[in-house]
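S.K.: What follows is a structure written as structure tokens; I'll ask about it next.
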Amino acid sequence: MPAQAKAIILGDALLLALASIVVDYASLLARKTGWHVVNADVPGNTTANGLERLPAILAVDHIDLLIIALGGNDFIQHLPLIFHSWPK
Numbered sequence: 054m055p056a057q058a059k060a061i062i063l064g065d066a067l068l069l070a071l072a073s074i075v076v077d078y079a080s081l082l083a084r085k086t087g088w089h090v091v092n093a094d095v096p097g098n099t100t101a102n103g104l105e106r107l108p109a110i111l112a113v114d115h116i117d118l119l120i121i122a123l124g125g126n127d128f129i130q131h132l133p134l135i136f137h138s139w140p141k
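Take 54 as the starting number for the sequence shown in the working numbering and just add one per residue.
In structure tokens form, the structure reads like this:
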């Protein structure tokens, strides 16, 4: 990856909440790699919500790495698994 890579974290904020107790993982990743890291976590998002936001996130001018951390809220809410191909 280039030294000035751009990474986006797409998540449901559960990892953000857990990690904030110890360390801000987006800042840690940026500090350790020198990358520009954007935290696109949204509290309460389900996997379906994250997939709805994905096209707008991918429309950003240039992304070298996309980290997807979804599914925690689906588990907590006892939602069924989502199986499908993306894009439709």
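Glycine is no exception: its CB is placed at the ideal position from the N, C-alpha and C atoms.
CB-CB under 6 Å to N92, same chain, minus the five flanking residues each way: which ones, in chain order?
M.R.: As a working mapping, residue 92 is identified with position 39 in the sequence shown. Excluding residues within five positions, the ones whose Cβ falls inside 6 Å are I62 and A79.
S.K.: How many Å lie between G125 and L107 at the Cα?
M.R.: Taking the sequence shown and counting its residues from 1, one reaches residue 125 at position 72. Taking the sequence shown and counting its residues from 1, one reaches residue 107 at position 54. Taking the straight line from one Cα to the other gives about 17 Å.
S.K.: Going by other Cβ atoms of all chains shown within 10 Å of its Cβ, with 16 needed for buried, is L81 buried or exposed?
M.R.: Within the sequence shown, the letter at position 28 stands for residue 81. Result: exposed.
S.K.: Does the beta-carbon distance from G103 to D65 come in below 8 Å?
M.R.: Locating residue 103 in the sequence shown gives position 50, counting from the first residue. Locating residue 65 in the sequence shown gives position 12, counting from the first residue. In this structure, D65 lies closer than 8 Å to G103 by Cβ.
S.K.: Would you give the residue range spanned by the alpha helix (DSSP H) that L82 belongs to?
M.R.: In the sequence shown, counting from the first residue as 1, residue 82 sits at position 29. Taken as a continuous stretch (DSSP letters only), the alpha helix (DSSP H) holding L82 covers Y78 to T86.
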